[in-house]
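Enquirer: A single structure is presented below for examination.
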Amino acid sequence: MPVSSQWLKRPLLERSTQLFLGVLFAAMALVTLLHVALPQGSALHVSAYTVTLLGKYLCYALLAVAVDLVWGYLGILSLGHGAFFALGGYAMGMYLMRQIGDRGVYGNPELPDFMVFLNWQELPWYWQGFDMAWFAFLMVLLAPGLLALVFGFLAFRSRVTGVYLSIITQALTFALMLAFFRNEMGFGGNNGLTDFKDILGFSLRSDATRLGLFIATGIALAIGYVICRGIVTSKLGRVSIACRDAEARTRFLGYRVDRVQLFVFVVSAMLAGVAGALYVPQVGIINPGEFSPLFSIEIVVWVALGGRATLYGAVIGALLVNYAKTVFTGVMPDAWLFALGGLFVLVTVFLPKGIAGLLQRRSAPPVSSPSQEAAA
Amino acid sequence: MSILRSLARLTFALHLVLLSSLAGAQVSEQQAARLLQGLAGASQAEKSIIVRELAGSGDERARNWLEAFSANKLSRIKTTGQIVIVTSNRGRNWAIADALTGESLGEMSRRELEAVQVNNTLRGEVDDLLSVIDLTVANPQVRLTAARALMGTVNAPLAERLNGLLADEDNPAVREALESALAIYRLGQGDGAAVAVLAGSLNPQARAALAGAARGDDPQIAAAATRALASIEQKLTLNRAAETLYFGLSLGSVLVLAAIGLAITFGVMGVINMAHGELMMLGAYTTWGMQQLLPGQPGLALILSIPAGFLVAAMAGIVIERSVIQHLKGRPLETLLATFGVSLILQQLVRTLISPLNRSVVTPDWMSGSIMINEALSLTLNRLYVIGFALVVFAGLMLIMRKTRLGLEVRAVTQNRAMARSMGIRATRVDILTFGLGSGVAGLAGVALSQITNVGPNLGQSYIIDSFMVVVFGGVGNLWGTLLAGLSLGTINQMLEPWAGAVLAKIIVLVFIILFIQKRPRGLFPQKGRAAEG
């Protein structure tokens, strides 16, 4: 598979990608305009709170795109993508923790508050280097990437696929959740990392920083989308779709299925890590709850609702479900799990192709729609 | 004059003693009253005699009297001379109860009461007497507990008394405990022969005494004690291993119970039921509901909830199968998602309808408590019942799958659906029954779980991942594999726990399974032949 800049240029020439990027940037520009230009009291003014909320949705959208890449185009249902998201988040959280410096409650310039509280004497080795932004941002990619590499290498080499893979990815994130809950791990245990002050020198409390993070997230989503689109339209993407639809046949044709799977899986994990890293400064906390199997499986339902193997469907699904979640948990918190549970059932039974499937049916019949038995 | 008076009192007390010893173990009401009255008016020397008399009377109330006396709560009503026990001495008015009948007499101003005087010498004597008072009761279990409590507390006068009691003791277990208690004392006095008595004892006090002797001055005793300690240590290690194994097996059998229903729906039918944990939860709540319906009869309710839990979970399972799963045939990943949605709905349903808090399920008497094998090892009964229950359920399922028409049809449909149908097997009906059976077994697991963990909306969630691990580890579609995997995972978990801690042990086991799946993707006992191709 020759790698050239071709694979990134191709999606930019596609009409669907241009449309997606156009809508995304237009929406971001509108939000920015309404936030900056209109006075506080105006009816159309977008508050800093809403900007951050939208930024959070965009993080989820990027995460959903990452899941759609492996589920929609590779046929791997990962129930553990929350783990990659959280690892990226923790890498960012560690950087933000070190930026607090001596402004913590205990005023220790070297150790984060929770370590002082636990009577730790010095910074553990794995915290070294996180005071430097470039190192932390590198780890945002490397930590989830390495986990995906090791895990994927072991799994795909032994041809663990289908339901088995789903269950062990779930066990993976469950094990990590238990591990991160432990105080001895050195990641703040139950409470996680919080009380962040600033990022790259900008205060996290200021509206301008929030807007900046929102825009950065939007750009990350755009880049992530283009990368995924580039992968799925390349030859590698064709092979990965072949793996999804008939793994054994692809192998017999001479393709190294495990390598294709590993590559796409690692890219997806890194994208999830970036999403987590952008999520943490906007939400202001990262704790082991992000590792919970429930969160990981929720991501899958965003993708399922939006429509698998479309990428833009994942974005739509993530935005819709999370908007619904915000509304529901505000108005009647008890009903949210009913709604979410019902969504799982209704989408899988009545809407196997999601909202994107509905849109496609309206327009021309799809050229390459995933077969019903794709996942089997 | 005063000498004469005390002499008169002494003869009075002796007289009492004589009378009551003639009357035998149980003092009559009249004598008890007189003894207590005597206590109130007597001098120190007389009190000492009367106290001993009370302790030796064998009367059930003696402990109560002596404790009250020692705690300064035995009082006399100034006006009537009645002896009472002060049950509450807060404030101006004290609550009192008749010392003889135990009947409450309401409250009385503390000015009208006169405490029976006691001092520290007498308290010491009473404490000594109280320590042996339980050794004279009729119930051997009480005597055994009392004798064990004496270990390491024996002093010279007590040893004398214990020697006397030992001569009369006929229960072997109590004898042994008394001998050990005496041997600990004798060892402390430098008696080398006592080491032999303590050599096999698992009592921590006996061990401490031996350890003390091993550090002692006498080289011969020290050597003997060291040897005895080594053999005890070995015994203890064995017992600890047995205990770990027991806990491991009981945890394992819980896993087996949780996973075996899954082994049927997932392993045999190939349906991923993420709501399996919630079906267990329904079984547990059925037990709770049964106990609400039959208050005061937790045992009967528990037994009734075995069939009830099975039925409730089986019906719920069949509803899930008909409404959701049958539409998703051949799409395992979608089935997984849909049933996960069902599990969320069921959880929230329980939270909304019953309560988000844990409900308490009563453990019937015949299931609580434990069997004491020896002083270092005791097996809790409820876990023993769960182990037995898991084995019975497993055997029952094995029988159904191997020996009944349904089992045959299930296996046929699993191996080749089209062929089975063409042979006249109604595959849809088999699906419903199989799913109902697997779900019902989940309900049974829930009934068992209600006895060992909290019954709450999250009950199922905490077991679902473990159950899947067990099924996958054991090999999908193989009930024996599930049994072996469940028991071994439970035992491994328990063995790791002492040095790794509960959470880390769980993580290690999960990582182990993840690695194991890499090596043997189809579990311990992979399916062979055509069925494996699915």
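Sequence order for the protein chains is A and B.
Using this note's numbering, read the first sequence as starting at 1 and increasing by one per residue.
Using this note's numbering, read the second sequence as starting at 1001 and increasing by one per residue.
Yeah, the Cβ is synthetic: ideal placement off N, Cα and C, and Gly gets one too.
Quantities reported herein were computed from a predicted structural model and do not represent experimental measurements.
Assuming Val23(A) contacts His35(A) under a Cβ cut-off of 8 angstroms, what Cβ separation, rounded to an integer in Å, is found between them?
Expert: With a Cβ gap of about 19 angstroms, Val23(A) and His35(A) do not count as contacting.
Enquirer: What residues in its chain sit with their C-beta under 6 angstroms from that of Asn287(A), if we drop five residues either side in the sequence?
Expert: So the qualifying residues of the chain are Gly192.
Enquirer: Would Arg1207(B) and Ile1232(B) be called neighbours here (beta carbons separated by less than 8 angstroms)?
Expert: Cβ distance < 8 angstroms, so Arg1207(B) and Ile1232(B) count as in contact.
Enquirer: Among Arg1052(B), Gly1490(B), Phe1512(B), Glu1176(B), which one has its Cα closest to the Cα of Gly1122(B)?
Expert: In the sequence on display, residue 1122(B) carries Leu and not Gly. Of the candidates Arg1052(B), Gly1490(B), Phe1512(B), Glu1176(B), the one whose C-alpha sits nearest the C-alpha of Leu1122(B) is Arg1052(B).
Enquirer: By DSSP, does Thr310(A) sit in helix, in strand, or in coil?
Expert: Looking at Thr310(A) - three-state DSSP - the assignment turns out to be coil, as it is neither helix nor strand.
Enquirer: What residue ranges within the stretch 1184-1254 of chain B form continuous beta strand (DSSP E) runs of no fewer than 3 residues, ordered along the chain?
Expert: Taking only runs of at least 3 residues, no beta strand (DSSP E) segment lies wholly in the stretch 1184-1254 of chain B.
Enquirer: Could you check the C-alpha separation between Leu1165(B) and Leu1135(B) for me, to the nearest Å?
Expert: The alpha-carbon atoms of Leu1165(B) and Leu1135(B) are separated by roughly 8 angstroms.
Enquirer: Taking all protein chains shown into account, do 16 or more other C-beta atoms lie within 10 angstroms of the C-beta of Met1419(B), making it buried, or fewer, making it exposed?
Expert: Label assigned to Met1419(B): exposed.
Enquirer: Pick out whichever of Lys1073(B), Leu1130(B), Asn1120(B) has its Cα sitting closest to the Cα of Arg1110(B).
Expert: Per the Cα distances, Lys1073(B).
Enquirer: When you compare only the Cα positions, how much space is there between Trp7(A) and Leu21(A)?
Expert: Their backbone Cα atoms lie some 17 angstroms apart in a straight line.
Enquirer: Does Ala86(A) have its Cβ less than 8 angstroms from a Cβ in chain B?
Expert: Output row for Ala86(A): interface = no.
Enquirer: With a cut-off of 8 angstroms on the beta carbons, I'd call Arg249(A) and Trp71(A) a contact; round off their distance for me.
Expert: At roughly 20 angstroms, the Cβ-Cβ gap does not stay under 8 angstroms, so Arg249(A) and Trp71(A) are not in contact.
Enquirer: Counting along the chain, where does the alpha helix (DSSP H) carrying Glu1125(B) start and finish?
Expert: From DSSP, the alpha helix (DSSP H) with Glu1125(B) extends over 1120-1133.
Enquirer: The alpha helix (DSSP H) that contains Glu1334(B), what's its start and end?
Expert: Counting along the chain, the alpha helix (DSSP H) containing Glu1334(B) begins and ends at 1332-1353.
Enquirer: Rounded to whole angstroms, what's the CA-CA distance from Thr1286(B) to Pro293(A)? Just pull it up for me.
Expert: When rounded, the distance between both Cα atoms is 27 angstroms.
Enquirer: Reducing DSSP to helix, strand and coil, say where Asn1416(B) ends up.
Expert: In this structure, Asn1416(B) counts as coil in the three-state DSSP scheme.
Enquirer: What residues of chain A sit near Glu1160(B), judged by a beta carbon separation below 7 angstroms?
Expert: Within chain A, no residue comes near Glu1160(B); the closest Cβ sits about 53 angstroms away, beyond 7 angstroms.
Enquirer: According to DSSP, is Met1367(B) part of a helix, a strand, or is it coil?
Expert: Of the three classes helix, strand and coil, the one that applies to Met1367(B) here is helix, per DSSP.
Enquirer: Strictly by DSSP, which residues pair up with Glu1107(B)?
Expert: Glu1107(B) pairs with Ala1095(B).
Enquirer: Can Pro1192(B) and Asp1218(B) be called in contact, C-beta distance under 8 angstroms?
Expert: Note that residue 1192(B) is Gly in the sequence shown here, rather than Pro. Cβ distance < 8 angstroms, so Gly1192(B) and Asp1218(B) count as in contact.
Enquirer: Taking only the alpha-carbon atoms, compute the straight-line gap between Ala269(A) and Ile76(A) and give it to the nearest angstrom.
Expert: Whole-angstrom Cα-Cα distance: 13 angstroms.
Enquirer: Taking the beta carbon of Leu19(A) as the centre, do at least 16 other beta carbons fall within 10 Å, making it buried, or is it exposed?
Expert: When all chains shown are included, Leu19(A) counts as exposed.
Enquirer: Interface residues of chain B around Val160(A) at Cβ under 8 angstroms?
Expert: Within chain B, the residues near Val160(A) are Ile1517, Gln1518, Pro1521.
Enquirer: Between the beta-carbon of Ile1514(B) and the beta-carbon of Val1472(B), is there less than 8 angstroms?
Expert: Not a contact, by the Cβ cut-off of 8 angstroms.
Enquirer: Between Gly1341(B) and chain A, is the shortest Cβ-Cβ distance under 8 angstroms, so that the two count as touching?
Expert: Yes, its Cβ sits closer than 8 angstroms to a Cβ of chain A.
Enquirer: Taking beta-carbon pairs under 7 angstroms, can you tell me which members of the stretch 1309-1339 of chain B lie near chain A?
Expert: Residues Val1324, His1327, Leu1328, Gly1330, Arg1331, Pro1332, Leu1333, Glu1334, Leu1336, Leu1337, Ala1338.
Enquirer: With a CB to CB cut of under 7 angstroms and the five nearest residues on each side skipped, what residues in its chain are close to Ala1376(B)?
Expert: Taken in chain order, the residues that qualify are Leu1202, Leu1236, Asn1239.
Enquirer: Is the stretch 169-187 of chain A close to the stretch 1478-1493 of chain B, with three or more CB pairs under 8 angstroms?
Expert: No, because fewer than three Cβ pairs between the stretch 169-187 of chain A and the stretch 1478-1493 of chain B fall closer than 8 angstroms, the two stretches do not touch.
Enquirer: Flag Ala175(A) as yes if its beta-carbon sits less than 8 angstroms from any beta-carbon of chain B, otherwise no.
Expert: Yes, its Cβ sits closer than 8 angstroms to a Cβ of chain B.
Enquirer: So, Ile1085(B) versus Ala1068(B), is the Cβ gap smaller than 8 angstroms?
Expert: Cβ atoms of Ile1085(B) and Ala1068(B): closer than 8 angstroms.
Enquirer: Using Cβ-Cβ distances below 8 angstroms, what residues of the stretch 178-191 of chain A are close to chain B?
Expert: Answer set for the stretch 178-191 of chain A: Leu178, Ala179, Phe181, Arg182.
Enquirer: So the beta strand (DSSP E) Leu141(A) belongs to, where does it begin and stop?
Expert: Where Leu141(A) is concerned, there is no enclosing beta strand (DSSP E), although the alpha helix (DSSP H) it sits in stretches over 133-157.
Enquirer: Would you call the stretch 1277-1296 of chain B in contact with the stretch 1409-1417 of chain B, where contact means no fewer than 3 C-beta pairs closer than 8 angstroms?
Expert: Not touching, per the Cβ criterion.
Enquirer: Please tell me whether Leu114(A) has its Cβ less than 8 angstroms away from any Cβ of chain B.
Expert: Note that residue 114(A) is Phe in the sequence shown here, rather than Leu. With 8 angstroms as the cut-off, Phe114(A) does not count as an interface residue toward chain B.
Enquirer: Within the 8 angstroms Cβ cut-off, does Gly307(A) reach chain B?
Expert: No, no contact with chain B.
Enquirer: Where Met97(A) and Val65(A) are concerned, what is the direct C-alpha to C-alpha distance, given to the nearest angstrom?
Expert: Rounded to the nearest angstrom, the two C-alpha atoms are 28 angstroms apart.
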